[in-house]
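If you read the protein sequences in the order shown, they are chains G and H. Residues in the first sequence are numbered from 1 upward in steps of one, following the numbering used here. Residues in the second sequence are numbered from 1001 upward in steps of one, following the numbering used here. Using N, Cα and C, we set each Cβ at its ideal position, and we do this for glycine too.
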Amino acid sequence: AQRVTQPEKLLSVFKGAPVELKCNYSYSGSPELFWYVQYSRQRLQLLLRHISRESIKGFTADLNKGETSFHLKKPFAQEEDSAMYYCALTGSARQLTFGSGTQLTVLP
Amino acid sequence: DVKVTQSSRYLVKRTGEKVFLECVQDMDHENMFWYRQDPGLGLRLIYFSYDVKMKEKGDIPEGYSVSREKKERFSLILESASTNQTSMYLCASELAGQGAGYTFGSGTRLTVV
C-alpha cells in the first residue's frame, strides 16, 4: 500500500521568511512524487514533480529515499504563496495518492 | 491548454436521490479520475478509468458508481445520496504514459440534506 503523510495541517510564516512544508511517504518501490497547490477559489494544479528537478515559483523539493521524504521548500515566502498544498505519490499504478494537505499562510 | 469541465459548481440534493456528476475533458486523455476532497482528509480516490467502458474502484467506492461511455466524459453516480456524501468532488484527467500529472476540474460542491 502507498501512503502520504503531511504532518502539519496549518503553517504560518512571515513574508520573507523561509518555508518548508513536510511530506513523508511509504511505498516499497520507486515512487513518483508531486506537489499540487490550490489557491483560494482556484482549481487544484500541479506545482512540481520530482522527476523534473525543477524550481517553480521559487519552490523546490528533493526526494530523499533514505528518509522517504519529499519536503517542499522556498527560501523567501511571499504573500501570494498562501494556499493549500498537497503532496502526492504514484507507484506501479498510475493513480495518485494524496496527503491530507497543509494550509500555508504567509503573513505580511 | 487542457480543460476539464465539471457541469455543476454547486448542487443541493435530498437524501435518497440519485445524483449524477458530470466531467468532460477536451484533450483526448485516456485516464480520468474522481476524488472527493474533505478538510483534514485531503483527496480520496473514488473511481478511475483508463479507457472507454473501463472502470476501477479506488479507495472509497462504496455508495458510488461511474460511467465512461465516451473517452471525453466520465460520470460519477451516487445511487442513493446520503448526508455523509456531502463533499467537494473533483474530476481529473491525465494523458496516459506521460507522467505529466493530473489536470483537475474546478470541482462540484455537493450538499445532501
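| Query | Result |
| --- | --- |
| Residue burial classification, residue 83/G (beta-carbon count within 10 angstroms, cutoff 16) | buried |
| Closest Cα partner of residue 1069/H within the set 1013/H, 1049/H, 1086/H | 1049/H |
| Where the segment 1100 to 1111 of chain H meets chain G: residues whose CB sits under 9 Å from a CB there | 1100, 1101, 1102, 1103, 1104, 1105, 1106, 1107 |
| CA-to-CA distance, residue 1080/H to residue 78/G, given in whole angstroms | 45 Å |
| Three-state secondary structure (DSSP) of residue 1093/H | strand |
| Burial state of residue 107/G, where buried means 16 or more other Cβ atoms lie within 10 Å | exposed |
| Proximal residues to residue 1037/H (C-beta, below 6 Å), its chain only, five neighbours per side dropped | 1043, 1088, 1090 |
| Cβ distance (whole Å) where residue 6/G is taken to contact residue 91/G below 8 Å | With 8 Å as the limit, residue 6/G and residue 91/G do not qualify as a contact, their Cβ atoms being about 18 Å apart. |
| Contact the segment 1013 to 1025 of chain H vs the segment 39 to 58 of chain G: 3+ CB pairs below 8 Å | no |
| Any C-beta of chain H under 9 Å from that of residue 43/G | yes |
| For residue 1008/H, the three-state DSSP class (helix, strand or coil) | coil |
| Residue 1035/H beta carbon less than 9 Å from that of residue 1066/H | no |
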